[in-house]
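Undergrad:
Protein chains: 2
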Amino acid sequence: MTDRLSALTGRLEEIDDIQRAAAVLGWDQMTYMPQGGNAGRGEQLAALASLAHERLVSPAFGDVLKAFADEVAGAPADDIRHALLRTVQRAYDQATKLPQELVGRQMRLSAEAYEAWVAARAAKDFTVFAPAFAKMVDLSREIAEALGYPEEPYDALLDLSEPGMTARAGLDLLGQLKAELVPLVQAIAAHQERVDRSILYGQFADESQWRLGLEAIAAFGFDFSRGRQDRSIHPFTTSFGVGDVRITTRIVEESFASAFFSTLHEGGHGLYEQGLPAEWARTPLGQAISSGVHESQSRLWENLVGRSRAFWRYFLPKAQAAFPVQFGHASVEDMYRAVNYVEPSLIRVDADEVTYNLHIAVRFELERALMQGELKAQDVPEAWRAKMQDYLGVTPPHDLVGALQDIHWTGGLGGFIGYTVGNVVSAQVWEAAGRALGDLPERIAQGDFAPLLQFLRREIHQLGSRETTDGFLHKATGEGLTTRPYLAYIKNKYSEIYGL
Amino acid sequence: MTDRLSALTGRLEEIDDIQRAAAVLGWDQMTYMPQGGNAGRGEQLAALASLAHERLVSPAFGDVLKAFADEVAGAPADDIRHALLRTVQRAYDQATKLPQELVGRQMRLSAEAYEAWVAARAAKDFTVFAPAFAKMVDLSREIAEALGYPEEPYDALLDLSEPGMTARAGLDLLGQLKAELVPLVQAIAAHQERVDRSILYGQFADESQWRLGLEAIAAFGFDFSRGRQDRSIHPFTTSFGVGDVRITTRIVEESFASAFFSTLHEGGHGLYEQGLPAEWARTPLGQAISSGVHESQSRLWENLVGRSRAFWRYFLPKAQAAFPVQFGHASVEDMYRAVNYVEPSLIRVDADEVTYNLHIAVRFELERALMQGELKAQDVPEAWRAKMQDYLGVTPPHDLVGALQDIHWTGGLGGFIGYTVGNVVSAQVWEAAGRALGDLPERIAQGDFAPLLQFLRREIHQLGSRETTDGFLHKATGEGLTTRPYLAYIKNKYSEIYGL
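Line by line, the protein sequences are chains A and B.
Take the first sequence: its letter number 301 is residue 300 in numbering that gives the first Met the number 0, and every next letter is one higher.
Take the second sequence: its letter number 313 is residue 312 in numbering that gives the first Met the number 0, and every next letter is one higher.
1. Could you check whether the Cβ of D16 (chain B) sits closer than 9 angstroms to any Cβ belonging to chain A?
2. With 9 angstroms set as the bound, which would you pick, yes or no: does the beta-carbon of E272 (chain A) sit closer than that to a beta-carbon of chain B?
3. Please classify D137 (chain A) as buried or exposed, where buried requires at least 16 neighbouring CB atoms within 10 angstroms.
4. At the 9 angstroms Cβ level, is V63 (chain B) part of the contact set with chain A, yes or no?
5. Please list, in chain order, the chain B residues whose beta carbon lies closer than 8 angstroms to that of R10 (chain A).
6. Which ranges does the beta strand (DSSP E) cover as unbroken runs of at least 3 residues, wholly within the stretch 59-107 of chain A, from first to last along the chain?
7. Tell me, please, whether the stretch 308-326 of chain B touches the stretch 435-447 of chain B by the rule of three or more beta-carbon pairs shorter than 8 angstroms.
8. Are the C-beta of E151 (chain B) and some C-beta of chain A separated by less than 9 angstroms?
9. State yes or no: is the beta carbon of L369 (chain B) nearer than 9 angstroms to at least one beta carbon in chain A?
10. Express the C-alpha separation of A131 (chain A) and A435 (chain B) in angstroms, rounding to a whole number.
11. My understanding is that A68 (chain B) touches S238 (chain B), with C-beta atoms under 8 angstroms, so please give their C-beta distance in whole angstroms.
12. Within 9 angstroms of any Cβ in chain B, is that where the Cβ of Y31 (chain A) sits?
13. For L11 (chain B), which residues in the same chain have their Cβ closer than 6 angstroms to its Cβ, ignoring the five residues on either side in sequence?
14. Measuring CA to CA, which of B:E179, B:A94, B:A112 and B:E13 is closest to I142 (chain B)?
15. Would you check if the distance between the CB atom of G226 (chain A) and the CB atom of Q273 (chain A) is smaller than 9 angstroms?
16. Is there contact here, the stretch 468-477 of chain B with the stretch 418-428 of chain B, by at least three beta-carbon pairs under 8 angstroms?
17. Where does S344 (chain A) sit, in a helix, a strand or coil, going by DSSP?
18. Please tell me whether Q296 (chain A) and L455 (chain A) are closer than 9 angstroms, where the distance is taken between their beta carbons.
19. For a test of the three-state rule: what should DSSP assign to T30 (chain A), helix, strand or coil?
20. For the beta strand (DSSP E) holding I246 (chain A), just list the boundary residues, first then last.
21. If you draw a straight line from the C-alpha of A449 (chain B) to the C-alpha of V379 (chain B), how long is it?
22. Can you pull the chain B neighbours of R505 (chain A), defined as C-beta to C-beta under 8 angstroms?
23. Quick check on the DSSP output: what are the complete alpha helix (DSSP H) runs of length 4 or more inside the stretch 183-237 of chain B, in order along the chain?
24. Going by C-alpha to C-alpha distance, which of B:S139, B:L452, B:R85 and B:D16 sits closest to G163 (chain B)?
25. Mind the definition here: the stretch 264-271 of chain B touches the stretch 34-52 of chain B only if three or more C-beta pairs lie below 8 angstroms; say whether that holds.
26. So which residues of chain A does R227 (chain B) contact, with C-beta pairs closer than 9 angstroms?
27. Please decide whether R336 (chain B) counts as near chain A, where near means a Cβ-Cβ distance under 9 angstroms.
28. Which word fits L499 (chain A), buried or exposed, when buried means at least 16 other C-beta atoms lie within 10 angstroms of its C-beta?
29. List, in chain order, every chain B residue whose beta-carbon is nearer than 7 angstroms to that of D27 (chain A).
30. Where does S254 (chain B) fall in DSSP's three states?
31. Does the stretch 355-371 of chain B come within contact of the stretch 324-332 of chain B, defined as at least 3 CB pairs closer than 8 angstroms?
32. Taking CB distances under 9 angstroms as the criterion, tell me whether L50 (chain B) reaches chain A.
33. Taking Cβ positions only, does G39 (chain A) come closer than 9 angstroms to chain C?
34. Exposed or buried, E301 (chain B), counting other C-beta atoms within 10 Å across all chains shown (16 or more means buried)?
35. Return the residue from the list A:D229, A:F223 and A:Y113 that minimises the CA-CA distance to D405 (chain A).
36. Is the CB of A20 (chain B) under 9 angstroms away from at least one CB in chain A?
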């Protein structure tokens with residue numbers, strides 16, 4: 000390790016330590032913190048965020064980064080230091096381009112918008128939220144101007160969570176999905192009675208659900224000596240380092256699928272975090288490629304594995320042992336069909352594989368129109384209803400199950416596209432894994448998930464951020480981001496299930 | 000608030016935020032962290048400690064403190080800013096007197112000593128630990144020289160946890176206790192059969208123990224909207240602010256008293272933390288007076304309340320409801336006597352009220368001799384055995400239940416005296432509360448703990464560090480630190496129980 004490299008990593012590690020400490024505080028806030036801790040926790044998190052930011056934008060850091068960049072300039076193209084430089088430069092540029100004053104304003108506006116959102120939800124009325132949201136859109140435009148963008152302001156926001164993503168690319172991606180999925184959803188909606196999911200509802204004891212979920216992700220390869228699951232109102236994954244990855248779930252005793260698939264989903268995120276390269280831990284190079292690639296890992300384990308026939312051939316006896324009354328008489332086919340029930344619905348987080356991306360399309364198109372000034376905040380509910388009707392054939396009776404359902408808009412715009420990238424990438428990776436491994440469904444039916452995990456470790460997890468989304472996709476699948484495998488998977492699977 | 004005051008508190012609050020964040024990480028480390036998190040957590044804690052230290056010793060902080068000191072110099076004697084200045088100056092002086100190099104060496108040596116201690120415990124042989132411990136004694140002398148002291152080096156270490164405490168004062172305090180307690184322990188040991196504690200042993204379901212402990216401290220006034228209890232191997236209390244105080248316990252199903260009194264004990268610490276003055280939160284003035292005063296609060300609720308006849312008049316029916324088989328036929332007198340069983344034993348943490356301080360005397364006198372160069376590290380086991388025999392009439396068969404029993408010496412010397420100060424102060428405060436309230440035992444027997452808590456809040460908790468130990472004792476009890484109430488309490492109580 001050169002002096003310049005170690006000077007850089009020394010500083011990066013300190014910043015990472017502060018950010019991971021903040022992650023611990025955030026995890027505790029969502030899992031165990033008593034209500035009285037709120038005010039103090041806010042101060043502590045703000046102090047840590049400010050310390051990390053201060054260190055990243057300091058002139059001393061800039062000097063060290065510059066010296067490292069000069070050194071790397073002459074290195075061969077495949078030298079990993081180029082990748083380190085790229086990821087660090089990106090973080091540094093983002094941090095230095097956003098004035099502290101703007102970051103502070105965003106934090107305060109988020110708090111204000113959150114309060115307005117809570118009040119609006121109580122009133123089931125978006126107009127209560129609209130003034131704060133309008134300010135958030137304006138501020139998002141300011142942030143976009145500060146960061147810069149290739150074609151239009153929305154690009155800058157998209158790039159924050161999906162490096163390189165643009166409004167144009169996002170619209171194209173969602174357009175391809177809509178073209179195939181809207182008619183498919185209509186066809187399925189006309190035959191909804193062909194699938195019976197009633198076995199998934201009843202009484203499922205909390206403790207048994209908890210154990211069964213853990214049993215599934217333990218089989219996937221989640222390492223409980225380097226992670227754990229706790230409870231929170233909204234499931235999430237966070238990481239304090241490759242040796243300590245936390246996932247959460249929440250259990251609904253009346254519904255089997257809710258916690259079970261949430262555990263598989265967060266378990267998938269957790270497997271990614273546990274597989275990141277330890278040798279680049281505590282630097283941006285040791286982190287995931289993007290939110291979308293992260294989501295591809297959660298969706299792969301939740302859907303491509305967890306909602307497959309092969310998985311239920313393996314796992315049904317375990318589910319039956321946990322819930323003999325509920326599942327004792329169910330066949331693999333019963334379970335497979337039940338967990339793949341499709342229903343055009345109002346709520347994104349409850350959406351199935353087929354309808355999910357249409358929810359994202361609604362949000363993405365509205366955000367883009369807002370950013371372009373083509374739509375005003377107060378007109379969002381009307382536009383929302385129109386798009387929901389067009390894409391899904393359902394219309395929210397009020398905003399609580401419409402434009403007020405997601406918390407995301409209290410913090411800003413641009414984050415939804417990762418969900419669709421995740422779905423699309425998960426199918427690409429799944430297809431490539433199937434090709435590479437040959438007998439993937441048979442392995443899964445035997446409960447042997449190791450070959451799949453090894454494939455993901457090698458092709459994705461172990462890279463950290465060494466490759467971009469497009470770069471890793473080319474290497475792992477032979478092509479860039481494409482909707483082909485995802486659409487083929489969805490159409491084949493659901494045409495069969497619904498007999499279309 | 001003046002500009003100079005707000006400049007100072009602004010900096011203090013940032014430091015406090017970092018330290019509280021570290022406390023959250025420390026809590027998680029002891030409660031939920033998986034094994035794989037160890038390495039990363041160590042880095043994160045070190046980064047936070049270094050950040051907080053850096054900020055405290057920075058020239059900018061020194062300037063702000065100096066400006067504040069100049070301002071306060073002219074203020075009336077009862078101005079609270081004097082107290083703030085005193086507590087901040089103390090923290091600043093300690094931090095600036097200890098060079099970073101020395102702090103770093105202490106941290107590394109602690110890690111080394113901890114490993115040696117673990118190995119020595121496995122071998123039940125102090126000589127495995129002795130070399131690292133000898134280095135720790137040398138380093139403690141170095142630290143003492145850096146900090147300065149009134150009479151002898153040990154004073155400097157004592158002052159760190161008990162401001163103003165000296166070796167001379169500690170020897171005197173323990174000497175007074177030994178003079179009365181050694182013969183009392185001998186007298187009790189000759190009549191041990193007079194108390195039967197067998198009802199405390201058997202099978203006590205984990206979940207019922209957990210609930211019963213929480214029921215007791217809820218009755219005391221522990222606020223669960225501003226705190227919670229979790230599990231850890233060694234019980235402890237930590238605070239992330241007055242709104243978020245965490246206690247822990249560990250449950251032994253075969254023994255009722257273990258978890259129950261540990262919850263009362265930590266609950267007492269927790270009540271102190273929850274009662275600290277919110278208006279000085281995030282400054283040293285908003286913190287406890289000393290470790291010893293903190294311990295006085297835990298001991299008061301654990302022993303003076305929890306091991307009183309009045310408490311069991313109130314609480315026995317609840318304990319019977321939780322454990323009908325075990326306690327169904329027990330009388331208040333049965334429970335009162337059982338929980339006050341006295342036995343000269345080898346292990347400090349299992350010691351009863353009568354023998355506890357003799358364990359502290361052994362450690363204190365050995366530490367002092369080590370610091371004075373009168374005793375060598377390798378000779379500790381022999382000296383330990385001799386003193387145990389003299390004070391308690393028992394001799395450890397090996398070092399695991401002798402000089403290797405406490406983890407404290409892996410981190411340094413000087414911390415034990417707080418336990419004895421806590422015991423002594425708890426009795427002084429209890430006597431004063433009894434005088435002030437008149438009908439304290441009757442209130443307790445009715446489960447009305449509010450008058451006692453209000454007394455503690457007013458006389459101790461709400462002060463923060465406004466008063467010194469001696470200062471608050473004079474105001475609350477009319478005299479300084481004295482063993483009289485403690486010895487009177489012990490002699491009266493145990494003479495009656497053991498019919499001496």
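Using N, Cα and C, we set each Cβ at its ideal position, and we do this for glycine too.
Keep in mind it's a predicted model, so treat the numbers as computed, not measured.
TA: So, from the data block:
1. For D16 (chain B), the closest Cβ of chain A is nearer than 9 angstroms.
2. no
3. exposed
4. no
5. The contacting residues do not exist; R10 (chain A) stays about 11 angstroms from chain B at best.
6. none
7. yes
8. no
9. no
10. 55 angstroms
11. That pair is no contact at about 28 angstroms.
12. yes
13. T282
14. B:A94
15. yes
16. The answer is yes - the stretch 418-428 of chain B touches the stretch 468-477 of chain B, with three or more Cβ pairs under 8 angstroms.
17. coil
18. yes
19. helix
20. V244 to T248
21. Cα to Cα, A449 (chain B) sits roughly 46 angstroms from V379 (chain B).
22. Because chain A in this structure spans residues 0 to 499, residue 505 (chain A) falls outside the shown range and cannot be described.
23. 205-219
24. The shortest CA-to-CA distance from G163 (chain B) to any of B:S139, B:L452, B:R85 and B:D16 is the one to B:R85.
25. no
26. Chain A residues near R227 (chain B): Y31, M32 and P33.
27. no
28. So L499 (chain A) ends up on the exposed side.
29. Below the 7 angstroms Cβ cutoff, chain B contributes V23 and D27 as neighbours of D27 (chain A), in chain order.
30. strand
31. Output reads no: the stretch 324-332 of chain B does not touch the stretch 355-371 of chain B.
32. yes
33. Absent here is chain C; the protein component of the structure consists of chains A and B.
34. buried
35. A:Y113
36. Chain A contact via Cβ: present.
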